[in-house]
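Chemist: Heads up: the sequence lines are chains A and B, in that order. With this note's numbering, you'll find the first sequence wraps up at 315, consecutive numbering, no jumps. With this note's numbering, you'll find the second sequence wraps up at 316, consecutive numbering, no jumps. Ideal placement from N, C-alpha and C gives every residue a C-beta, glycine not left out.
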Amino acid sequence: MTPKTSIQARVSPVRSLETVTRRSTGAAAGLRPEVVRLHHSKPEVPKISLHGVTLSYKTNDGKRLIALDNIDLKVRAGEFLCIVGPSGCGKSTLIHLIAGLHFPTSGQMMIDSNPITEPGTDRILIFQELGLFPWLTVGENVEFGMKMKGIPKAERQEKVRYYLQLVHLAQFKDSYTHQLSGGMRQRVALARALATEPDVLLMDEPFAALDAQTRDLLHDELERIWAETGRTIIFITHNVREAIRLADRVALMTFRPGKVKREYAIDLPRPRQLEDISVARTVRDILDDLREEIDKSLKEQYGEEVHA
Amino acid sequence: MSNSLPKKIARHGIFYAGLIGIWSLLAALKIWPPYVFPTPWGVWESLAAGFADHSFWIAIAVSMKRMLLGYGLSVVLGMILGLGVASNKFLEETMGGLLVSLQSLPSICWLPLAVLWFGLTEKAILFVVVMGSLLSVTIAMEDGRKQMPKIYKMAGRNLGAKGLQLFWYVLLPASLPFILSGLKQGWAFAWRSLISGEMIFISLGLGQLLMMGRDLNDMSQVIAVMLLIIGIGYIVDGLVFKALEYRLQQKWGLAVS
Chain A
8 MTPKTSIQAR VSPVRSLETV TRRSTGAAAG LRPEVVRLHH SKPEVPKISL
58 HGVTLSYKTN DGKRLIALDN IDLKVRAGEF LCIVGPSGCG KSTLIHLIAG
108 LHFPTSGQMM IDSNPITEPG TDRILIFQEL GLFPWLTVGE NVEFGMKMKG
158 IPKAERQEKV RYYLQLVHLA QFKDSYTHQL SGGMRQRVAL ARALATEPDV
208 LLMDEPFAAL DAQTRDLLHD ELERIWAETG RTIIFITHNV REAIRLADRV
258 ALMTFRPGKV KREYAIDLPR PRQLEDISVA RTVRDILDDL REEIDKSLKE
308 QYGEEVHA
Chain B
60 MSNSLPKKIA RHGIFYAGLI GIWSLLAALK IWPPYVFPTP WGVWESLAAG
110 FADHSFWIAI AVSMKRMLLG YGLSVVLGMI LGLGVASNKF LEETMGGLLV
160 SLQSLPSICW LPLAVLWFGL TEKAILFVVV MGSLLSVTIA MEDGRKQMPK
210 IYKMAGRNLG AKGLQLFWYV LLPASLPFIL SGLKQGWAFA WRSLISGEMI
260 FISLGLGQLL MMGRDLNDMS QVIAVMLLII GIGYIVDGLV FKALEYRLQQ
310 KWGLAVS
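1. Which residue from 121/B, 216/B, 184/B, 201/B puts its Cα closest to that of residue 150/B?
2. Just the Cα atoms here: how many angstroms apart are residue 286/B and residue 130/A?
3. Determine whether the Cβ of residue 55/A lies closer than 8 Å to any Cβ atom of chain B.
4. As an exercise, report each continuous beta strand (DSSP E) stretch of at least 3 residues that is fully enclosed by the segment 201 to 228 of chain A, in chain order.
5. Which bits of chain B does residue 97/A rub up against, with CB to CB less than 8 Å?
6. Candidates 69/A, 83/A, 133/A: which alpha carbon is nearest residue 56/A's?
7. Decide if residue 274/A is buried, meaning its Cβ has at least 16 other Cβ atoms within 10 Å, or exposed.
8. Check the Cβ of residue 266/A against every Cβ in chain B and list those closer than 7 Å, keeping chain order.
9. Whose C-alpha, out of 242/A, 259/A, 204/A, is nearest the C-alpha of residue 294/A?
10. Determine the DSSP secondary structure at residue 81/A, reduced to helix, strand or coil.
11. Taking 8 Å as the threshold (C-beta atoms), are residue 203/B and residue 237/B in contact?
12. Go ahead and pull the three-state DSSP assignment for residue 106/A.
13. Within 8 Å (strictly less), CB to CB, does residue 183/A reach chain B?
14. Which residues bound the beta strand (DSSP E) around residue 177/B?
15. Would residue 33/A pass as an interface residue toward chain B - the criterion being a Cβ-Cβ separation below 8 Å?
16. With DSSP as the reference, label residue 99/B as helix, strand or coil.
17. Using 10 angstroms around the beta-carbon of residue 310/B, count the other beta-carbons present and answer buried if the total reaches 16, otherwise exposed.
18. Any beta carbon from chain A within less than 8 Å of residue 318/B's own beta carbon?
19. If you measure between the beta carbons of residue 321/A and residue 251/A, is that distance less than 8 Å?
20. Give me, in chain order, the residues of the same chain whose beta-carbon lies closer than 7 Å to that of residue 35/A; leave out the 5 immediate sequence neighbours on both sides.
21. My understanding is that residue 200/A touches residue 153/A, with C-beta atoms under 8 Å, so please give their C-beta distance in whole angstroms.
22. Are the C-beta of residue 85/A and some C-beta of chain B separated by less than 8 Å?
23. Can you tell me whether residue 115/B is helix, strand or coil according to DSSP?
24. Compare the C-alpha of residue 60/A against each of 104/A, 93/A, 144/A and name the closest.
25. Under 8 Å Cβ-Cβ, which residues of chain B neighbour residue 128/A?
26. Would you decide whether residue 297/B is buried or exposed? Buried here means 16 or more other CB atoms lie within 10 Å of its CB.
27. Only counting the same chain, and skipping five residues up and downstream in sequence, which positions put a Cβ closer than 7 Å to that of residue 78/B?
28. To the nearest angstrom, how far is it from the Cα of residue 256/B to the Cα of residue 307/B?
29. Kindly indicate the opening and closing residues of the beta strand (DSSP E) around residue 179/A.
30. Taking all protein chains shown into account, decide if residue 135/B is buried (16 or more other Cβ within 10 angstroms of its Cβ) or exposed.
31. Please tell me whether residue 220/B and residue 155/A are closer than 8 Å, where the distance is taken between their beta carbons.
32. Is the beta carbon of residue 245/B less than 8 Å from the beta carbon of residue 188/B?
33. Give me the chain A residues within the contact set of residue 169/B, using Cβ-Cβ distance strictly less than 7 Å, ordered along the chain.
34. With 8 Å as the limit, tell me which residues of the segment 149 to 173 of chain A have their beta carbon closer than that to any beta carbon of chain B; keep them in chain order.
35. Select from the segment 198 to 214 of chain B all residues with a C-beta closer than 7 Å to any C-beta belonging to chain A, and list them in chain order.
36. For a contact defined as C-beta to C-beta under 8 Å, what are the partners of residue 308/B on chain A?
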């Protein structure tokens with residue numbers, strides 16, 4: 008069981024950098040596999056809950072492929088959850104389902120107490136390929152979701168300014184997206200998602216295509232923005248270090264069929280440095296678990312002779 | 060060859076001066092009578108006279124009005140049709156094939172039918188213009204809709220756009236680079252259809268001026284009007300569509316050729 012004090016600190020609705028640090032430093036062990044889910048100890052409705060979510064489809068040769076197998080997952084309001092898994096494990100598919108862009112074959116998906124049946128601005132997905140609109144300026148991109156919602160122009164302008172400042176891109180408001188660097192585009196996508204003021208931010212390997220320095224910087228910024236805005240974040244990555252750098256909790260997915268193999272609570276103090284011994288140890292433990300899945304995925308892709 | 064602007068202008072100047080020189084020479088040799096082969100000066104005078112007595116202005120205005128109406132109509136209809144065809148498997152298979160085969164029919168072939176349906180009215184001309192460009196626009200729209208990266212549609216839905224909003228703010232701008240050449244082709248077809256329609260079906264417009272020149276044995280006027288038709292086509296293509304293309308390339312960051 009999770010210690011009681013830790014639970015109370017975790018569900019605290021107030022989120023600022025101080026609370027984040029305070030509640031994290033209390034935890035001695037960096038890693039507790041098979042974490043007991045919090046709703047058991049407190050009758051609180053999770054922000055997002057998945058129950059028995061399964062997705063299967065027919066392949067061209069008529070076989071039935073199970074992409075996602077009976078996924079149960081609960082995410083607390085304000086939590087930073089990272090989903091880690093080898094490529095092809097269905098983690099992108101899973102987050103598309105949560106975004107409401109596709110439907111599961113069976114199972115239930117809820118946000119607060121409402122079923123997820125279509126895309127909604129209460130959860131905004133940042134795509135791996137971003138999907139910024141090239142025909143709009145940076146400012147217009149950030150404004151887009153608000154415009155669709157019918158928010159008055161003056162208010163939109165103000166929020167565009169605010170969110171562009173938040174990601175340090177205020178002076179690029181009138182640029183087009185192709186004029187920006189990869190890291191800057193990433194930040195535009197973040198601002199665009201935040202500007203619709205969703206409760207939940209869904210991020211699908213958003214930093215995978217960036218160089219290491221830019222990624223480090225964006226990790227810092229994302230952590231800061233998460234602390235400032237108190238959003239719930241579900242973050243997909245294949246990079247264990249990235250997951251541990253950012254997450255309150257890490258869910259490890261298996262390769263085909265995609266299942267949640269294990270969950271880890273990451274109780275390390277923030278901001279985390281990857282060089283810290285406790286961080287490195289946590290990374291290694293999860294990597295050991297992940298290796299098995301990566302092996303499976305590689306064998307599928309390259310045949311039996313490969314040893315990772 | 061160098062590409063600096065003054066040199067380019069100089070090359071063009073030399074070419075056209077040469078062309079007009081040869082023309083003048085041929086006309087001066089008087090191989091053919093002037094009503095068959097006019098002088099450049101005669102054509103110039105016809106042009107000036109036509110603009111001076113407003114007959115050219117009126118013809119241009121009438122033709123452009125027909126163009127804008129007809130082309131506008133076929134863009135709207137073509138977009139709806141194209142979207143329908145692109146988003147429905149059944150329509151794609153059946154109507155898609157029909158559209159392609161219909162495109163091999165020169166649009167002026169619709170004129171007899173149009174006259175029987177609508178009589179000698181503006182509607183008949185409009186019908187021919189619409190039939191001339193509708194298919195190009197439809198096919199372009201269908202292609203554009205298919206070529207457009209799917210991510211934009213997903214991103215749009217994800218940000219709360221649906222239905223008409225999604226079409227207007229996402230699907231349409233996202234497919235514009237892919238449909239622009241089709242829109243341009245549609246314009247060119249509409250322009251050809253209009254002029255041929257006006258030549259047969261006489262009621263004002265540039266096509267009628269052309270036929271009037273023939274009826275009066277006024278070759279200078281015929282050539283003057285032909286130059287006008289070329290000029291307008293060139294201006295629309297060069298100014299409107301080129302500008303649109305350039306703007307798109309600037310925004311999307313595509314290479315400017």
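Modeler: Short version:
1. 201/B
2. 60 Å
3. no
4. 207 to 211
5. Under the 8 Å cutoff, chain B gives no residues; its nearest Cβ is about 17 Å from residue 97/A.
6. 83/A
7. buried
8. None at all; the shortest Cβ gap to chain B is about 25 Å.
9. 259/A
10. strand
11. yes
12. helix
13. yes
14. Unbroken run through residue 177/B is the alpha helix (DSSP H), 169 to 177; no beta strand (DSSP E).
15. With a pLDDT of 38 at residue 33/A, under the threshold of 50, the modelled position of this residue cannot be trusted; read the value that follows with caution. Output row for residue 33/A: interface = no.
16. helix
17. buried
18. Look at the range of chain B in this structure, 60 to 316, and you will see that residue 318/B is not part of it.
19. Residue numbering for chain A in the displayed model covers 8 to 315; residue 321/A lies beyond these limits and cannot be assessed.
20. With a pLDDT of 42 at residue 35/A, under the threshold of 50, the modelled position of that residue is not reliable, and the figure given next carries that caveat. Cβ neighbours of residue 35/A beyond the five flanking positions: none.
21. Incorrect: roughly 12 Å between the Cβ atoms, too far for contact.
22. no
23. helix
24. 104/A
25. 218, 219
26. exposed
27. none
28. 33 Å
29. No beta strand (DSSP E) contains residue 179/A, which DSSP labels as neither H nor E.
30. exposed
31. yes
32. no
33. What residue 169/B touches in chain A: nothing, since even the nearest Cβ is about 35 Å away.
34. 151, 152, 154, 155, 156
35. 210, 211, 213, 214
36. The contacting residues do not exist; residue 308/B stays about 10 Å from chain A at best.
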